[in-house]
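Here's the structure, in structure tokens; my notes come after.
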């Protein structure tokens with residue numbers, strides 16, 4: 001099985017014959033492209049034979065966030081408690097965790113710990129975004145594994161906590177984006193069809 005979702009790294013390792021893949025598996029591979037070009041760091045390099053925690057700190061002029069993939073190569077469910085301090089995040093920060101594959105907010109986050117349960121031969125990829133409660137902010141997308149680093153091309157902030165951004169992809173895709181709404185004080189997810197021409201969205 002291909003598990004590209006574990007990789008926020010320059011190389012993609014696939015165990016499938018691309019010419020024989022079903023369309024839904026091709027769609028999974030597309031979410032790794034274009035390549036991000038920076039390497040993730042294994043947080044548990046010396047804790048087990050094969051690392052299962054792959055982390056990358058993303059820095060953009062308009063935001064910073066963490067991307068963490070928790071990979072389960074085993075035959076039983078994997079339960080992990082990850083101290084946020086391992087990713088340089090403090091207890092005092094207000095965070096939103098968004099899971100890429102399920103397109104859902106991950107709420108098992110408290111006391112400085114991120115708790116994740118991963119089924120056998122599966123992966124969960126999370127975007128951890130520090131937020132200011134009174135400013136709207138992107139917290140996830142379904143278009144690319146790094147969730148904003150490559151598909152978001154313009155971000156503008158306005159008074160009153162309003163934010164607008166432009167999202168584009170190499171070919172037309174149906175997907176969604178998620179954001180913290182300063183107005184509603186919760187995470188909101190909205191559908192979006194986008195292509196090379198891009199689409200402007202307001203986080204309101």
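Residue numbers (the working numbering): 1 to 204.
Glycine included, C-beta positions come from ideal geometry on N, C-alpha and C.
Remember, predicted model here, so these are calculated numbers, not experimental data.
- In this chain, residue 27 is not harboured by any beta strand (DSSP E); it is covered by the alpha helix (DSSP H) spanning 23-30.
- If you draw a straight line from the Cα of residue 87 to the Cα of residue 63, it comes to about 16 Å.
- A straight line joining the alpha-carbon of residue 153 with that of residue 75 spans about 40 Å.
- Taken through DSSP and simplified to helix, strand or coil, residue 167 comes out as strand.
- In the assembly as shown, residue 143 is a buried residue. Its beta-carbon has 16 or more other beta-carbons within 10 Å.
- Three or more beta-carbon pairs separated by less than 8 Å link the stretch 189-199 to the stretch 169-181, which places the two stretches in contact.
- Contact check between the stretch 125-132 and the stretch 97-114: three or more CB pairs, one atom from each, fall below 8 Å, which counts as touching.
- An exposed status is given to residue 110, since fewer than 16 other beta-carbon atoms sit within 10 Å of its beta-carbon.
- By alpha-carbon distance to residue 180, the top candidate from 81, 163 and 21 is 163.
- Under the three-state reduction of DSSP, residue 146 is assigned to coil, being neither helix nor strand.
- For residue 60, the beta-bridge partners assigned by DSSP are 63.
- Judged by DSSP secondary structure, residue 153 falls within the beta strand (DSSP E) whose first and last residues are 152-157.
- Non-local beta-carbon contacts of residue 156 in its own chain, meaning distances under 6 Å to residues more than five positions away in sequence, involve 164 in chain order.
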